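Here's the structure, in structure tokens; my notes come after.
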Amino acid sequence: MAIFHAVYNILWGDIINIPLPGGSILGLSLLVLILVPAGIYFTIRTRFLPFRLFPEMIRVTLENNKKTEREGISGVQALIVSTACRVGMGNLVGVVAAISAGGAGAVFWMWVIALVGSSTAFVEATLAQIYKEKDPLYGGYRGGPAYYIHHLFIRKNSMRKHSVVAVLFALSGLICWCGISQVIGNSISASFENAFHVPPIYSTAVLVIIAAVIVLRKNATVKVLDVMVPVMAACYFFITIFIIVKNAGQVPAVFERIFAEAFGFRQVVGGGIGAVIMNGAKRGLFSNEAGSGSAPCAAAAADISHPAKEGLLQALGVFIDTLVICSCSAMIMLLTPEKMTHGLEGMDLLQTAMQYHLGEFGVIFIAVILWLFSFSTFLGILFYARPNVAYLFGDNWLSQTLYKILALVMLFVGGLAAYQFVWDLGDLGVGLMTVFNMIALIPLAPKALSALRDYEKNEMKKR
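4 is the number of the first residue of the sequence shown in the numbering used here; add one for each residue after it.
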């Protein structure tokens with residue numbers, strides 16, 4: 004436990020503290036020190052891809068939505084799987100936590116992190132495509148960080164089947180996703196108990212049965228997410244638009260508050276500017292997952308004509324997660340009178356805000372949308388687990404099935420009780436994944452940058 008907490012504090016704790024005006028301190032964790040500079044570096048090396056190629060991201064998305072004969076899933080289906088994982092509890096409870104701790108200004112820093120992180124997402128997804136391989140069990144393709152890390156450290160003709168760093172990444176991922184499974188079970192049972200007074204044992208049992216039916220079938224996950232993710236994201240987006248239109252007169256004041264508190268004199272003088280920046284930055288990094296190595300596990304499965312196309316799709320996924328879905332949660336929160344939400348936190352705060360805007364329907368809606376967000380995340384992380392289980396244990400159905408059963412057990416346990424250690428284990432796993440992924444991402448980045456140049460020269464100029 005001592006070792007566990009020491010590693011956890013190194014990853015998530017503030018290892019550098021920078022004094023700011025007004026007595027505030029900007030605390031920087033190892034993950035922030037890794038991801039933010041790397042994101043800035045990739046943004047510069049891709050010649051500001053998030054701004055320059057945003058129209059191309061949209062064009063590629065529309066192009067890849069057309070039905071063609073493929074060996075694996077389409078680029079858009081890979082985007083849907085990764086969006087299912089990105090769009091989870093972090094977009095609801097996480098945004099609430101960021102605003103509670105850092106004020107409205109934290110939203111601005113979440114936006115900044117999304118713009119920076121999209122370049123990182125491009126690089127890791129493109130590398131996943133470059134180093135993907137055939138999947139003999141599920142059909143189509145597989146890959147991700149474990150595979151491109153392997154290629155970095157193991158020579159092509161070497162007899163070694165595993166790289167130490169790749170093994171550590173895969174193990175960290177499997178540990179992380181088990182921890183997240185418990186968190187998902189707990190959040191869903193708690194929200195249904197609050198909204199509908201359903202005892203956790205019943206909501207959890209139904210959840211696990213539905214999940215088992217889907218994940219234990221060979222290729223049902225992508226088909227379910229194909230329908231679920233667009234529907235749930237669209238519902239949440241349009242409900243937010245309705246709330247914004249309903250409160251249109253307050254919207255300018257909300258944006259003024261976001262920008263004022265992001266740079267504001269009051270926060271500097273009050274010693275809170277450090278909390279504003281770091282709560283937005285940390286929540287943004289955790290929500291969009293850029294650099295953690297999760298999304299490339301889905302990106303590698305896409306059967307797509309050029310590696311850079313999948314990179315562009317995954318870069319767009321970061322925008323969808325933070326600039327759209329997280330912003331929706333922020334607007335719902337910030338358009339609610341502060342006196343109504345004072346002293347509340349987590350789901351209680353979000354449900355109170357929705358009740359203010361939409362009455363009892365708002366409470367029911369947020370419980371249902373949390374169920375959809377969380378359930379889609381569970382399906383997505385088990386899709387992520389496939390290539391990592393295969394890398395560690397080889398191509399066999401036994402290891403694949405045993406891991407799914409373990410995740411289902413964690414989902415059930417989480418629905419009945421919350422274990423803080425398991426929650427922290429999930430955070431530890433994603434932190435270690437990020438470290439091991441970034442070890443390979445920077446030296447392999449020239450491959451992704453070369454693919455981008457080739458795409459711009461030979462694909463875009465043809466049109």
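For each residue, glycine too, the CB sits at the ideal point set by N, CA and C. The structure displayed is predicted, hence computed values, not measured ones.
According to DSSP, residues forming a beta bridge with residue i
i: residue 32; result: 17
i: residue 137; result: 144
i: residue 76; result: 305
i: residue 58; result: Note: residue 58 sits in no beta bridge, so no partner.
Reduced DSSP category for residue i - H, G, I as helix; E, B as strand; rest coil
i: residue 340; result: coil
i: residue 22; result: strand
i: residue 154; result: helix
i: residue 437; result: helix
i: residue 5; result: helix
i: residue 398; result: coil
i: residue 202; result: coil
i: residue 222; result: coil
i: residue 345; result: coil
i: residue 506; result: There is no way to answer for residue 506, as the model of the chain reaches only from 4 to 466.
i: residue 274; result: Legend: pLDDT at residue 274 = 43, less than 50; position of this residue unreliable, value from coordinates given subsequently. Reduced to three states, the DSSP call for residue 274 is coil.
i: residue 330; result: helix
i: residue 162; result: coil
i: residue 380; result: helix
i: residue 312; result: helix
i: residue 478; result: Nothing can be reported for residue 478, as the shown portion of the chain is limited to 4 through 466.
i: residue 176; result: helix
i: residue 106; result: coil
i: residue 250; result: coil
i: residue 190; result: helix
i: residue 363; result: helix
i: residue 295; result: coil
i: residue 464; result: coil
i: residue 256; result: helix
i: residue 322; result: helix
i: residue 415; result: helix
i: residue 51; result: coil
i: residue 420; result: coil
Buried/exposed call for residue i, threshold 16 Cβ in 10 Å
i: residue 256; result: exposed
i: residue 36; result: exposed
i: residue 153; result: buried
i: residue 249; result: exposed
i: residue 363; result: exposed
i: residue 55; result: exposed
i: residue 1; result: With the chain represented from 4 up to 466, any question about residue 1 goes unanswered, as that position is not in the structure.
i: residue 275; result: Unreliable placement is indicated for residue 275, whose pLDDT of 48 sits below 50; the coordinate value is still reported in the next sentence. Residue 275 is buried by the Cβ-count criterion.
i: residue 312; result: buried
i: residue 378; result: buried
i: residue 242; result: buried
i: residue 141; result: buried
i: residue 237; result: exposed
i: residue 161; result: exposed
i: residue 15; result: buried
i: residue 222; result: exposed
i: residue 108; result: buried
i: residue 431; result: buried
i: residue 205; result: exposed
i: residue 252; result: exposed
i: residue 200; result: exposed
i: residue 167; result: exposed
i: residue 270; result: Residue confidence for residue 270 is low, a pLDDT of 48 falling below 50, so the modelled location carries little weight and cannot support an answer.
i: residue 213; result: exposed
Whole-angstrom C-beta distance between residue j and residue i, which should lie under 8 Å
i: residue 416; j: residue 176; result: At roughly 20 Å, the Cβ-Cβ gap does not stay under 8 Å, so residue 416 and residue 176 are not in contact.
i: residue 403; j: residue 128; result: Not a contact, Cβ separation roughly 23 Å.
i: residue 353; j: residue 48; result: With a Cβ gap of about 38 Å, residue 353 and residue 48 do not count as contacting.
i: residue 179; j: residue 410; result: At roughly 11 Å, the Cβ-Cβ gap does not stay under 8 Å, so residue 179 and residue 410 are not in contact.
i: residue 383; j: residue 210; result: Wrong, their Cβ atoms sit about 15 Å apart, outside the cutoff.
i: residue 120; j: residue 42; result: 5 Å
i: residue 110; j: residue 333; result: 5 Å
i: residue 319; j: residue 60; result: 4 Å
i: residue 338; j: residue 408; result: Their Cβ separation, rounded to whole angstroms, is 44 Å, which puts residue 338 and residue 408 out of contact at 8 Å.
Heavy atom of the ligand ADP within 7 Å of residue i beta-carbon
i: residue 381; result: As far as ligands go, the structure on display features none, and thus does not contain the ligand ADP.
Short CB-CB distance (under 8 Å) between residue i and chain D
i: residue 420; result: Given the protein chain composition of this structure (a single chain), no chain D is represented.
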